[in-house]
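Residue numbers (the numbering used here): 193 to 332.
What follows is the structure in structure tokens.
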């Protein structure tokens with residue numbers, strides 16, 4: 193199998209790693225995938241969860257144990273925010289809206305990462321940051 197592409201949005205916070213963790217906790221509250229009463233950190237210490245993610249995944253921010261630096265090119269499973277230059281390649285003004293992000297993904301001006309990898313970017317409304325767009329590909 194080649195992995196499944198997915199996209200979603202999560203909450204914005206100035207601390208982008210905290211926003212990522214909040215998005216994970218919100219997603220886990222919506223669907224724990226049969227892993228009851230555990231935090232994201234506890235799940236990633238469980239070999240059964242790791243196997244679940246690496247052989248199928250959730251197609252959400254839960255597929256990643258952590259966020260890495262935007263300039264880090266390590267293979268996944270990691271969530272990585274785009275650099276400013278990467279954002280400006282498809283949103284020259286540097287403050288993409290949800291509609292611009294969605295259109296860039298649909299038109300393939302903005303690509304999906306490799307298997308077991310995720311990307312993120314801050315999305316704006318009226319020039320203000322309002323949410324984070326996450327997209328990725330499952331590991332399977």
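Every residue, glycine too, gets a C-beta built ideally from N, C-alpha and C.
Next item on the list: Output the residue ranges of the alpha helix (DSSP H) runs that lie fully inside the stretch 219-307 and measure 4 residues or longer, sorted by chain position.
Entry: 232-236, 239-246, 276-280, 290-299
Next item on the list: Measure the beta-carbon distance from residue 302 to residue 296 and round it to whole angstroms, keeping in mind my assumption that it falls under 8 Å.
Entry: Looking up residue 302 in the chain shown gives position 110. Looking up residue 296 in the chain shown gives position 104. Correct: roughly 4 Å between the Cβ atoms.
Note to self: With three or more beta-carbon pairs closer than 8 Å as the criterion, would you say the stretch 279-288 touches the stretch 223-235?
What the structure shows: no
Note to self: Using a Cβ-Cβ cutoff of less than 6 Å, which residues in the same chain neighbour residue 201 once the five nearest sequence positions on both sides are dropped?
What the structure shows: As a first step, residue 201 is located in the chain shown; it is residue number 9 there, counting from the start. Excluding positions up to five away in sequence, the list reads 323, 325.
Next item on the list: Examine the Cβ distances between the stretch 244-255 and the stretch 272-285 and report whether three or more of them are shorter than 8 Å.
Entry: no
Next item on the list: Verify whether the separation of the beta carbon atoms of residue 314 and residue 195 is less than 7 Å.
Entry: For this step, residue 314 is matched to residue 122 along the chain shown. For this step, residue 195 is matched to residue 3 along the chain shown. It is not a contact, given that the beta carbons lie outside the stated cut-off.
Margin query: To the nearest angstrom, how far is the alpha carbon of residue 218 from that of residue 327?
Written below: One-based indexing of the chain shown puts residue 218 at position 26. One-based indexing of the chain shown puts residue 327 at position 135. Those two C-alpha atoms are separated by around 16 Å.
Next item on the list: For residue 214, name the three-state secondary structure that DSSP assigns.
Entry: Residue mapping note: residue 214 aligns to position 22 of the chain shown, counting from 1. Residue 214 falls in the helix class under three-state DSSP.
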